[in-house]
DNA sequence: AGGGATACATACGCAGCGTATGTGAAATGG
DNA sequence: CCATTTCACATACGCTGCGTATGTATCCCT
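Residue numbers (the working numbering), protein chains in the order written: chain A, 144 to 339; chain B, 144 to 339.
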């Protein structure tokens, strides 16, 4: 096989590192993930990691950016395929909860990410999911569907509620039943945002 | 000064370790807190730490238990001094947000705690704050003030919303203004829980 | 073709953790 | 009141994992 152009090789290396780190961070967690181990897993060494990402923390940022983009895309699809704006907003939130049930997302986005990089609200990509929620709320507000509230504040609180609900569900002894209770309650709470 | 009984000395040692660790965890964070450093700060060594708490993680648990108890007590006072149940519930939540503005609580309870010990909902002391909220909601539900919802689910979501709101406020460029927006929105959301 | 530039590997030193072991003072029993 | 045991810590050691400094091979440019 002939040699690929250098830029392509680099992209491949970065992708391999991100993938290996994502796997490690998502399973054993950031703190217990040995850089020597998961770089070897990718057929590389820590040298490559430091060259491309500067530090373990830098690599975590890259992993988070990737996951965040995926989450955002999944949310976009859900929101756009709803019949009306309000239903789309509700669906989006439910989808958000469902994503937060995945162990990888819980571990990396909800626990290790905040611990290592600080408040998610301050991340560069700004956890695009919240931006997505904010956008949905802004449209709803413009149409008079929701009350006169600060949309960013509402988006953050709603996402906070979603994430806590998801963790509660995921770690409960009976996730099915817990999920039912949580979704019902969540919808009730969202009703509080509607214009009266 | 005469010698105190042994049990008293032990309690003192434990308290000194917890205090030193709390200071370190709350400022530099759990991961960057050197056991050698903060035990020395307490006039002790890691030997004492391992003897009493088994591990760094064990000490974190002790610190969290202490902070949790303090938070719970603060919430209790607020709730009990309100005119009526609903107002007490609202006040309790606002107080919850205000506590979550404190850097030490953000760092230890909201970021490092979950990263190291896992989902707060599964902690032994179960983050007594949520239990407190659950209790308040249960009383409100019994009196028909809030809608027919699962009180535990609601308590978790409300606390999630509070905590995210608090982090958002604390890290914003204009905490005063952000706080105003957040509290207003928060109250609106809580209204969604009231019986109609 | 040759001389940078760069993508990675290798090598080294150091900090921090966990354990195994030591020690001195307090409790206990006669 | 003395001997023994217990226990609350301190000390010592080895290991793992991180960050940096340095080496090397490959690609790009002229």
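Even for Gly, the Cβ is constructed at its ideal location relative to N, Cα and C.
Mind checking if residue 254 (chain B) is an interface residue toward chain A, Cβ cutoff 9 Å exclusive?
In the second chain, counting from the first residue as 1, residue 254 (chain B) sits at position 111. It does; some Cβ of chain A falls within 9 Å.
Please tell me whether residue 157 (chain B) and residue 205 (chain B) are closer than 9 Å, where the distance is taken between their beta carbons.
Counted from its first residue, the second chain places residue 157 (chain B) at position 14. Counted from its first residue, the second chain places residue 205 (chain B) at position 62. Yes, these two residues count as a Cβ contact at 9 Å.
Own chain residues within Cβ distance below 6 Å of residue 328 (chain A), not counting five before or after:
Here the question's residue 328 (chain A) lines up with position 185 in the first chain. Excluding residues up to 5 positions away in sequence, nothing lies with its Cβ nearer than 6 Å to the Cβ of residue 328 (chain A) in the same chain.
Start and end residues, alpha helix (DSSP H) containing residue 201 (chain A)
Counting from 1 along the first chain, the entry for residue 201 (chain A) is found at position 58. Counting along the chain, the alpha helix (DSSP H) containing residue 201 (chain A) begins and ends at 199-223.
Output, in sequence order along the chain, the residues in the segment 174-202 of chain B whose CB is closer than 9 Å to any CB in chain A.
For the segment 174-202 of chain B, which is checked against every Cβ of chain A, the residues closer than 9 Å are 174.
Would residue 252 (chain A) and residue 312 (chain A) qualify as a contact pair, given that the criterion is a beta-carbon distance under 9 Å?
Mapped onto the first chain, residue 252 (chain A) falls at position 109. Mapped onto the first chain, residue 312 (chain A) falls at position 169. Contact flag unset, no.
Chain-order list of residues whose beta-carbon lies under 8 Å from that of residue 228 (chain B) (same chain, five-residue window excluded)
In the second chain, counting from the first residue as 1, residue 228 (chain B) sits at position 85. Closer than 8 Å at Cβ, skipping near neighbours: 279, 282, 283, 286, 288.
At least one CB of chain A closer than 9 Å to the CB of residue 295 (chain B): is that the case?
Locating residue 295 (chain B) in the second chain gives position 152, where the first residue counts as 1. Cβ-Cβ to chain A under 9 Å: yes for residue 295 (chain B).
Whose C-beta lies closer than 7 Å to the C-beta of residue 323 (chain B) among residues of the same chain, with five residues either side of it excluded?
For this step, residue 323 (chain B) is matched to residue 180 along the second chain. Counting only Cβ-Cβ distances below 7 Å, and skipping sequence neighbours, we find nothing.
If you measure between the beta carbons of residue 258 (chain B) and residue 258 (chain A), is that distance less than 9 Å?
The count along the second chain starts at 1 and reaches residue 258 (chain B) at position 115. The count along the first chain starts at 1 and reaches residue 258 (chain A) at position 115. Residue 258 (chain A) is positioned such that its CB atom lies closer than 9 Å to that of residue 258 (chain B).
Could you give the C-beta distance for residue 215 (chain B) and residue 272 (chain B), rounded to a whole number, given that I count them as a contact under 8 Å?
Counted from its first residue, the second chain places residue 215 (chain B) at position 72. Counted from its first residue, the second chain places residue 272 (chain B) at position 129. That belief holds up - the Cβ atoms of residue 215 (chain B) and residue 272 (chain B) are roughly 6 Å apart, short of 8 Å.
Helix, strand or coil: which one does DSSP assign to residue 339 (chain B)?
In the second chain, the residue the question calls residue 339 (chain B) occupies position 196. Residue 339 (chain B): coil per DSSP, three-state reduction.
Using a Cβ-Cβ cut-off of 9 Å, state whether residue 234 (chain B) counts as contacting chain A.
Counting from 1 along the second chain, the entry for residue 234 (chain B) is found at position 91. Not one chain A Cβ lies under 9 Å of residue 234 (chain B).
Could you tell me which uninterrupted alpha helix (DSSP H) segments, each at least 4 residues in length, are contained entirely in the segment 240-280 of chain B, listed from first to last along the chain?
Those alpha helix (DSSP H) runs which fall completely within the segment 240-280 of chain B and span 4+ residues are 256-260.
Below 7 Å on C-beta distance, what does residue 262 (chain A) contact in chain B?
Start at 1 with the first residue of the first chain, and residue 262 (chain A) comes out as number 119. Within chain B, the residues near residue 262 (chain A) are 310, 314.
DSSP three-state label for residue 301 (chain B), please.
On the second chain, position 158 is the one that residue 301 (chain B) refers to. Of the three classes helix, strand and coil, the one that applies to residue 301 (chain B) here is helix, per DSSP.
Taking only the alpha-carbon atoms, compute the straight-line gap between residue 208 (chain B) and residue 268 (chain B) and give it to the nearest angstrom.
As a first step, residue 208 (chain B) is located in the second chain; it is residue number 65 there, counting from the start. As a first step, residue 268 (chain B) is located in the second chain; it is residue number 125 there, counting from the start. Near 7 Å, if we compare the C-alpha coordinates of residue 268 (chain B) and residue 208 (chain B).
With a 10 Å radius around its C-beta and 16 neighbouring C-beta atoms as the bar for buried, classify residue 220 (chain B) as buried or exposed.
For the purposes of this step, residue 220 (chain B) is taken as residue 77 along the second chain, with counting starting at 1. Only exposed fits residue 220 (chain B), as fewer than 16 other CB atoms lie within 10 angstroms of its CB.
Residue 149 (chain B), buried or exposed, once every other Cβ within 10 Å from all chains shown has been counted against 16:
Counting from 1 along the second chain, the entry for residue 149 (chain B) is found at position 6. Exposed, because fewer than 16 other Cβ atoms sit within 10 Å of the Cβ of residue 149 (chain B).
Can you list the residues of chain B that residue 290 (chain A) reaches, using a CB-CB cut of under 7 Å?
Along the first chain, read from residue 1 onward, the residue named residue 290 (chain A) stands at position 147. Going along chain B in sequence order, the residues near residue 290 (chain A) (Cβ under 7 Å) are 331.
I think residue 338 (chain B) touches residue 304 (chain B), with their Cβ atoms under 8 Å apart; what is that distance to the nearest whole Å?
As a working note, residue 338 (chain B) is residue 195 in the second chain. As a working note, residue 304 (chain B) is residue 161 in the second chain. About 20 Å separates the beta carbon of residue 338 (chain B) from that of residue 304 (chain B), a gap too long to meet the 8 Å contact definition.
Measure the C-alpha to C-alpha separation of residue 246 (chain B) and residue 181 (chain B) and round it to an integer number of angstroms.
Looking up residue 246 (chain B) in the second chain gives position 103. Looking up residue 181 (chain B) in the second chain gives position 38. Put simply, the backbone Cα of residue 246 (chain B) is about 19 Å away from that of residue 181 (chain B).
Alpha carbon to alpha carbon, how far is residue 250 (chain A) from residue 166 (chain A)?
Your numbering for residue 250 (chain A) matches position 107 in the first chain. Your numbering for residue 166 (chain A) matches position 23 in the first chain. Rounded to whole angstroms, the separation of the alpha carbons of residue 166 (chain A) and residue 250 (chain A) is 11 Å.
Helix, strand or coil for residue 171 (chain B), going by three-state DSSP, please let me know.
Within the second chain, residue 171 (chain B) is the residue found at index 28, counting from 1. If DSSP states are grouped into helix, strand and coil, residue 171 (chain B) belongs with coil.
Can you confirm whether residue 325 (chain B), when its beta carbon is compared against all beta carbons of chain A, has any partner nearer than 9 Å?
Working through the second chain from its first residue, we reach residue 325 (chain B) at position 182. Using a CB distance cut-off of 9 Å, residue 325 (chain B) counts as an interface residue toward chain A.
Could you give the DSSP three-state label for residue 289 (chain A): helix, strand or coil?
Looking up residue 289 (chain A) in the first chain gives position 146. Residue 289 (chain A) falls in the strand class under three-state DSSP.
Residue closest to residue 296 (chain B), alpha-carbon to alpha-carbon, out of A:310, A:226, A:294:
If you number the second chain from 1, residue 296 (chain B) lands on position 153. Restricting attention to A:310, A:226, A:294, the CA atom closest to the CA of residue 296 (chain B) is found in A:310.
Beta carbon of residue 173 (chain B) nearer than 9 Å to that of residue 203 (chain B):
Your numbering for residue 173 (chain B) matches position 30 in the second chain. Your numbering for residue 203 (chain B) matches position 60 in the second chain. Going by C-beta atoms, residue 173 (chain B) is nearer than 9 Å to residue 203 (chain B).
Which first and last residues belong to the alpha helix (DSSP H) in which residue 192 (chain B) is found?
As a position in the second chain, residue 192 (chain B) is number 49, starting the count at 1. 189-196 is the span of the alpha helix (DSSP H), which, as asked, contains residue 192 (chain B).
Taking 9 Å as the CB-CB cut-off, is residue 305 (chain B) touching chain A?
Start at 1 with the first residue of the second chain, and residue 305 (chain B) comes out as number 162. With 9 Å as the cut-off, residue 305 (chain B) counts as an interface residue toward chain A.
Closer than 9 Å, Cβ to any Cβ of chain A: which residues of the segment 200-230 of chain B, in chain order?
Listed by position, the residues of the segment 200-230 of chain B near chain A (Cβ gap below 9 Å) amount to none.
Contact set between residue 302 (chain B) and chain A, taken where Cβ atoms lie within less than 8 Å
Locating residue 302 (chain B) in the second chain gives position 159, counting from the first residue. What residue 302 (chain B) touches in chain A: 307.
Could you tell me the alpha carbon to alpha carbon distance between residue 225 (chain B) and residue 315 (chain B), rounded to whole angstroms?
For the purposes of this step, residue 225 (chain B) is taken as the residue at position 82 of the second chain. For the purposes of this step, residue 315 (chain B) is taken as the residue at position 172 of the second chain. A direct Cα-Cα distance of roughly 30 Å separates residue 225 (chain B) from residue 315 (chain B).
Cβ neighbours of residue 192 (chain A) in the same chain (closer than 7 Å, five flanking residues each side left out):
By 1-based counting over the first chain, the position of residue 192 (chain A) is 49. Within the same chain, 160, 178, 182, 202 come within 7 Å of residue 192 (chain A) by CB-CB distance, once the 5 residues on both sides are set aside.
Assuming the contact rule is C-beta atoms closer than 8 Å, residue 255 (chain A) and residue 168 (chain A) should be a hit. Round their C-beta distance to whole Å, please.
Position 112 of the first chain, counted from the start, is the residue given in the question as residue 255 (chain A). Position 25 of the first chain, counted from the start, is the residue given in the question as residue 168 (chain A). So it is a contact: roughly 6 Å between Cβ atoms.
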